[in-house]
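Before any comments, here is the structure.
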Amino acid sequence: METPSDLNQKYNAKAGDSFKTKLNLFLYREAKKGAIGNLSQEDFQAFNLETEESLIHEYTARYWQCLESDKIGSFTIREIYEAIKNWKEKSKPLIAEWKKDYIVNRFSTLYPKEAFIELLESEKCCYCGITTKEISELAEMEKIYKKSLRGWNLEVERKDSNREYSPSNCKMACYWCNNAKTDEFTYEEFKLVGKEIRKVWDKRKFS
């Protein structure tokens, strides 16, 4: 049973991860326009990932996959990368201020704590369907082989890791599915993989 302190710590950690996702995409948008020199907190707050589908696709499928010498707009990928890196290095106090505001004043609207705690009560992986009870049973049968302290509990999983944490974007997943999905597979794609992983669990249970 998690204490209120544990729940707050977990909630704030996800808020921090959510902030990082939004910040990285915001900085990418500004850097590729050559406008990263003078950024305001108001512009960051107004930046809405829900309306940036094409930007997210470009960021994941071009910026992180093409050669450093390739151009996106007027700048090479290397130039965009260096602009973002330099801004982050020079703006650490500003980033800390923005992050605090996001966690304290913004995230609770995006993802109410009550909804987050309700999500944590789920005991079934959204991909392979294994439950925490089944994990314990397999361990007792000596049919769990992980080498990590993780795995006994389900983990908060973003269906789309390029978007912020929210009730519509979050599910609970087992350690194995969460690790394997990474940023590569979509939620729907990995549900297909999860069906195959489920077959492995069942084979272990009944063999």
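Heads up: the sequence shown runs through residues 391 to 597, numbered per this note's numbering. Think of the CB as a built atom: it goes at the ideal place given N, C-alpha and C, for glycine as much as any other residue.
In angstroms with no decimal places, state the Cα-to-Cα distance between residue i and residue j.
{"i": "K410", "j": "T499", "result": "17 Å"}
{"i": "G406", "j": "Y501", "result": "12 Å"}
{"i": "C516", "j": "C560", "result": "10 Å"}
{"i": "T576", "j": "E443", "result": "14 Å"}
{"i": "N543", "j": "T466", "result": "43 Å"}
{"i": "E598", "j": "K422", "result": "Residue 598 lies beyond the residue range present for the chain, which begins at 391 and ends at 597; the question has no answer from this structure."}
{"i": "W591", "j": "I520", "result": "8 Å"}
{"i": "N495", "j": "E469", "result": "33 Å"}
{"i": "L415", "j": "I446", "result": "7 Å"}
{"i": "C456", "j": "K482", "result": "28 Å"}
{"i": "S538", "j": "Y418", "result": "35 Å"}
{"i": "L397", "j": "D460", "result": "44 Å"}
{"i": "M562", "j": "S464", "result": "41 Å"}
Please return the same chain residues whose Cβ sits closer than 6 Å to the Cβ of residue i, not counting the five positions on each side in sequence.
{"i": "T572", "result": "none"}
{"i": "G541", "result": "Y565"}
Beta-carbon within less than 8 Å of residue i's beta-carbon, same chain only, minus the 5 sequence neighbours each way: which residues are those?
{"i": "N568", "result": "E545 and E547"}
{"i": "W488", "result": "F409, L413, Q431 and F434"}
{"i": "D550", "result": "N559, T576 and Y577"}
{"i": "I485", "result": "L413 and K478"}
{"i": "L528", "result": "I534, W591, R594 and K595"}
{"i": "E392", "result": "K400 and L510"}
{"i": "M531", "result": "R594 and K595"}
Per DSSP, residue i is paired with what?
{"i": "A570", "result": "Beta-bridge pairing links A570 to no other residue."}
{"i": "A473", "result": "For A473, which the question treats as bridged, DSSP gives no partner whatsoever."}
In chain order, what residues of the same chain lie with their CB nearer than 7 Å to the CB of residue i, ignoring the 5 residues before and after it?
{"i": "R452", "result": "I462"}
{"i": "K581", "result": "Y517"}
In chain order, what are the residue ranges of uninterrupted beta strand (DSSP E) at least 3 long that sit wholly in the stretch 485–561? Scanning the stretch 485–561 for uninterrupted beta strand (DSSP E) segments of 3 residues or longer gives 545–548, listed from N- to C-terminal end.
Mind listing, in chain order, the continuous alpha helix (DSSP H) runs of no fewer than 4 residues lying wholly within the stretch 391–470? Uninterrupted alpha helix (DSSP H) stretches at least 4 residues long and entirely within the stretch 391–470 occur at 394–422, 431–436 and 443–448, given in chain order.
When you compare the stretch 415–428 with the stretch 467–487, are there three or more beta-carbon pairs, one atom per stretch, that lie closer than 8 Å? The stretch 415–428 is in contact with the stretch 467–487.
Evaluate the contact criterion for the stretch 478–486 versus the stretch 511–525: three or more CB pairs, one atom per stretch, below 8 Å. Verdict: no, contact absent.
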